[in-house]
Every structure is written in structure tokens, then in C-alpha cells.
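First the structure, in the form of C-alpha cells, and then the observations on it.
Rendered as C-alpha cells:
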């Protein structure tokens, strides 16, 4: 019986009191020291003057790779920390307050649709002026750029989870009169945790995908090459060094493996306990790092005071029942709120139009819209092809727990693979075979984003309740009948979630996919991504703003007109409960 | 009363053990024998975790015994057998299929003609007294009604 298998794992946590210094402690100490050394190594030079970067240009020597990898990883994790902070505040506010929701959710939609180059080009000057002449300013710009490639989907997932906390749990929490603070940490956050951890993993991969854009900053006259993997790749491509590109791929693989083992695997194994599922379906995830931390008595003793403090906070902040039924808003205040929001939106649109018209003519507008449609065609075709390929494979993998576990880290690495690393291959192929770049550069757009579809379909197939599977076996439902009545309906909501992210992500990826260069060979496809990339390089802010506005408009309109209705339909019709 | 005394189902010295994470075995059923003949209605009693569901899953062919044999009409059960149906604890209804479609599913798997499938499914729904609910979705039904749909789906003989 599965329950008994579970019980076997219990003694680890039950026997915590009976501890002496053990070999687990030694492992734990080594791990903590390792983290400290890593932080010290990676954060050196932060306060150095910017000119230092010119004296020590990014070198293609493999000996520098550990340092570059450490610095990039640190940036990624600092950005991830801020993304979490943002998620917990922004998404919570959006889920708790009707009025805030009215503004925050559409805003998140738009933020999600703005490509990373848009954020960099607009903010880099601001960040550099915060610490004039210091590396720190550029570092902040890079971290902010990485943050923008991580935060939105995490916030969105958290918001979705907060809105779908099962009524039973909310009611239980109300019966026991939990405070808002306690309800948040004891009910809502745990319920959202598995989804959130998964999104953090995807965010890390997404950030790698844009690592070149966020570290090798080049906006008009401002060019900064921050030491890191992104700049290394940028220089390798500029100097046409295949050896350096291979070194970069190898290093990335190692780095991703390291943080997968030390951070995400333990997180996933830990988050497994929060899965809201009555039946013991899949065998629990395991992680030896988590086991070391769990078994180390030293760790337990060190963390105890913090735990106690944490529990105290539940009492201290226990003021009123937090899950009280929604307060009544007066109609008039609501209308005033809506009107104010509308007014601000109109003013913002007016500002943008005025700014763009200062430097550009209506012909530019037609041109960008035409480019938008070109990119749209690519996205539609690519999503269709990716779906046809990945849905069957995803279902196959997802219904086999062992295959699922082996596939996860592979997909995580492939999702992180920056398009730039394929430039040498793609550019050479297009040039030697004389292919049309308008068509053959397109696959790069879906390189990183197709994995959202794969991941979600796998998750959906794995979530088919074991009872339904048994029922299919019992009734001998097989073959096409099985696909039609069981597999496809069950994964459909998951597929739609993945496809929404994939299509939005592909639009963003077009800025690095529609322009590919290898040394001085440069290929460009006709599309909105290439337009924004070129405008950023030239530092033409009017064109940048126009390009971003048009791209956001496309993404938001497609989301609202197509994906959202499809998602609502999928949720209404095919949700398992 | 009982015309044919030959057993429908024979469970012969069945043993079922589950592997534990530390490599040892958890024994759930040991040397279990059981015979069912036509017309019998048998209830299975036992405490939680004593292996009732495990035995049913073995008989349905959803799991394999560690040792021993189970035969149905003289044939050894290796995989789910066409004559053995199961009503699941949580009814296992497909939320995206209507009552009628849920009941039809098992018949479709038999590869019957469309008209026959419809006739038999409607007869089964009639039998359990859910007439008029054919196009309802499971989530629109009460717990008891859902269970009856599970029954209707299980009795897929003519």
C-alpha cells in the first residue's frame, strides 16, 4: 500500500531531536562554505570604476570561464530573489483587491509582452546614472534586465494559484479563524508552491536564453560588456571562435547541472509535500542535498531560532480573521477608481503617440505593423508545428514516471540554450545553402519557448488521476479511443497554458532570432523583432518605443482575443477535479 | 438453484508484496484463496489498509500478484479481462464526458456498432434510474448519482 511506503520516509523528520554532529553535518558545512566562497568570488569588483572593464576586456581564455559562470549565476539568483519579492507582493495585491486587480492584471499582461531589449534600452541610462562611473550601475541594469525575463510568469502563476485555492481549505481556515498573515503563509503559499517552484525553474532557463542581451548591453552610445557568460558568448560570436562557443555550451551545461542538483532538485523534492492531491500517485521526488540538510543536526539547531521567530509572527500578527468575506465597496468609489485608471491610460497613450510622432512618420507606423504581421505569421506556424510534434511526445513521457524524471533536467537545459549559441550553425547553413533568412531564421524563435508546451503537456499527462487510468485499463480503452477520450482532453488545459507562454515568449525571442550574426556575416529577417533590435543598436528611442508598442499591442490583442477565451473554455470543460 | 457449479473466478494462494524504499518488502496479502461461483454476492470486510482494494485490483488485472494465480472462466488473468468490471472508489468518471458518453466509453472499447452502443448505454442509464440525465456532466450530479453512473458504466453486458 502506498501509505506504508510513505510512512517509511517519516523517521527522518521525526527523529530530529536525537542528534549529534554527524557526517551529514560535515556535508552541510561544506555546502554552506561553498556558497560563501561563491558569493565572495562573484561579488568582487562590484564597486570598481567602470573604466576597469575597458582595461580588462572579456577574454575568450577558458581559464576565465569559472569566474564568468559564477558572476552570471549570481546575477541570475539575485534577479530571482527580486522576482520572488515582486511575486509575493504584486500577485497578492492583485488577487486580494478587486480594484488593484483591475489595473495590475492587464499591466502584467503588457509587461509580459515587452521584450527584454525594451526594458534594457529604456532603463540602462537610469541605472548607470545611479552610480556614475561604477560597475555597480551596469550590474544593476543587467540584473534588472534578467529580472524582467523571470518575474512575470512567476507572478502570474502565483496570482492564478491564489485565486484557485480550494474552497474546502479556505473554509477550514475560516473555521479555525486564521489571521490574514497566517492564512497567507499556511494555506495560500503552500498551495501555490509546486507551481511556483516549477515557474522559477522555467524563469531561470528563460533568463539564460536572454543572457547575451542582458550582459552585453549595447544601446546607442552606451556599450558595456559585463564579465559573464553572456558577454563571453557575444565576444565569441563577434570573433567567430567556434572553440569558445563550444566552451560556452559546456560551461552552461555544467552550471545548470550544478544549480539543478543544489537548488532546484531539493526545492522540487521539498515542494512535493505541498501538492494538493489526496491519492498517492507518483513516487515522491528525492534529492540527496535535501536529505543532507534534513539530516544535519547542526542545520536544525542553527535554523531553530529563525523557525521559532517565524511561528511567533503568526501570533503577533493575529489581529482579525483574514479570510473574512469580501468587504463591500461603494459603487461610486469603484466608478471613480475606474475613471481615474482610464484617464491615466489615455494620458499614457497620448504621451507615447506624441513621443513617437516627434521622430517618426506614419510610414514608419505602417512599416512596423507590416513587420508585426510577418512575425505573427512565424509565431502561428511555429506554435502549430511545435504542438503537433510535442503534444504526442509529451503525453507519452508524462504517462511514464521514469521517463518524466529523466526528461525534466534535459528539457531544463534545452530551454536555457541561448539562440545566440546556434548562430554559427544557422548563419553558415543559410549562407552556404543560400536559403531564405525570412523562413530559416524563424526556428530560432521557438528554440527556447517550445519547452513551455512540452513541460505543460508532460505535467498534464502526469496529472491524470490514477483512478482514471485504471478505469481505462479496466474498460480496455486503448489506441485512438484513448487519445480522443482521455489523453487529449486531460492535457488540453495544460497545453493551452503552455501555448500561451510559448507564443508570448516567441514574440520576445524574435528580437534575438530575427537578427543573427556570425563574425561580420549578418542575416536579418523581415519582422518586428529585427526592427526593435536594430533600433536598440542605433539608440533610436522613437523607433524603440514604436516597435515595443506595436509588439505589445499584437501580443495583448492575440492573448485577449484568442488565448484567454480558449483557456476559459478549456478550464470550464476539461478541468479535472 | 445454482445451475453451474464450476467457479467463475478462482484466486489461488495469492501473495502480494510491495517494495519499500529501503529495498525490503511490505507484505499485504499472503496465501489468499477465494472462489466465486455464479449467482454469488460476496462482501469483503477488513480494516483500513488490510488489502481489500489490493485484492480487487489484482482480480481486475490492474496489478500483478507477487505469487499465486487468479483465473477467470478458466483463463489466467494477466491483463484487464473483458468480463470483469470495476466501480471505482471515487467513481472515476471523465469530467469532460456526459453521462451518456461516460457509459458509452466501455462499449466503444469493445468495438461494437454505433447503434448497438447507444442502445445498450441508454438501457444501462434507464436501469440505474438516471433517465433524462443523459446529457448532464458529472460535476452537475450529486455524489450518489455519480456513483450510479459508475455502476451503469460497469454493467456493459447486453
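Residue numbers (this note's numbering), protein chains in the order written: chain C, 79 to 655; chain E, 39 to 196. We put the CB at the ideal spot given by N, CA and C, even for glycine. Keep in mind it's a predicted model, so treat the numbers as computed, not measured.
One finds nothing in chain C with a Cβ atom closer than 7 angstroms to the Cβ of residue 162 of chain E; even the nearest lies about 13 angstroms away. For residue 175 of chain E, there is no enclosing beta strand (DSSP E), as DSSP gives it neither H nor E. As DSSP reads the structure, residue 599 of chain C sits in a beta bridge with C:596. Taking 3 residues as the shortest admissible run, the stretch 285 to 346 of chain C contains the following complete beta strand (DSSP E) segments, listed from N- to C-terminal end: 294 to 297, 300 to 303.
Just so you know, the alpha carbons of residue 292 of chain C and residue 138 of chain C end up roughly 19 angstroms apart.
If you check each beta-carbon in the stretch 138 to 153 of chain E against every beta-carbon of chain C, the ones closer than 7 angstroms belong to 143, 144, 146, 147. Distance from the CA atom of residue 429 of chain C to the CA atom of residue 624 of chain C, rounded to whole angstroms, is 12 angstroms. For the C-beta of residue 552 of chain C, the chain E residues within less than 7 angstroms are, from N- to C-terminus, 98, 100, 118, 123, 124. Residue 110 of chain E is bridged by DSSP to E:47, E:113.
Pairing residue 413 of chain C with residue 468 of chain C gives a Cβ-Cβ distance that is not under 8 angstroms.
Here residue 191 of chain E is buried, its C-beta having at least 16 other C-beta atoms within 10 Å.
According to the DSSP assignment, residue 73 of chain E belongs to the beta strand (DSSP E) that extends over 63 to 74. Between the stretch 488 to 496 of chain C and the stretch 264 to 283 of chain C, the count of C-beta pairs closer than 8 angstroms reaches three or more; the two stretches touch.
Interface flag for residue 103 of chain E against chain C is unset, since no Cβ pair is found closer than 8 angstroms. When Cβ-Cβ separations below 8 angstroms define contact, residue 189 of chain E makes no contact with chain C.
Any Cβ of chain C closer than 8 angstroms to the Cβ of residue 113 of chain E would place that residue at the interface, and such an atom is absent. Inclusion of residue 45 of chain E and residue 67 of chain E in the CB contact set at 8 angstroms is not warranted, their separation being larger than that value. With three or more CB-CB distances shorter than 8 angstroms, the stretch 136 to 149 of chain E counts as touching the stretch 159 to 169 of chain E. C-alpha of residue 543 of chain C to C-alpha of residue 257 of chain C: approximately 34 angstroms in a straight line. In this structure, residue 522 of chain C keeps its C-beta atom at 8 angstroms or more from the C-beta atom of residue 495 of chain C. Between residue 551 of chain C and residue 100 of chain E a beta carbon distance of about 6 angstroms is seen, short of the 8 angstroms cut, so the two are scored as contacting. An exposed status is given to residue 436 of chain C, since fewer than 16 other beta-carbon atoms sit within 10 Å of its beta-carbon. Contact annotation, residue 52 of chain E with residue 96 of chain E: C-beta distance approximately 6 angstroms; criterion of less than 8 angstroms satisfied. DSSP, reduced to helix, strand and coil, places residue 174 of chain C within a helical segment of the structure shown. In terms of beta-carbon proximity, residue 574 of chain C stays away from the interface with chain E, with every pair separated by 8 angstroms or more. Residue 225 of chain C is positioned such that its CB atom lies closer than 8 angstroms to that of residue 161 of chain C. Residue state for residue 56 of chain E is assigned as strand, using DSSP reduced to three classes. Counting C-beta atoms within 10 angstroms of its own C-beta, residue 301 of chain C has fewer than 16 neighbours from the protein chains shown and is therefore classed as exposed. Residue 309 of chain C and residue 219 of chain C have their C-alpha atoms some 14 angstroms from each other.
Contact of residue 567 of chain C with chain E by beta-carbon distance below 7 angstroms involves 134.
The alpha carbon of residue 503 of chain C has as its nearest neighbour, out of C:471, C:425, C:597, the alpha carbon of C:597. Per DSSP, reduced to three states, the secondary structure at residue 118 of chain C is helical.
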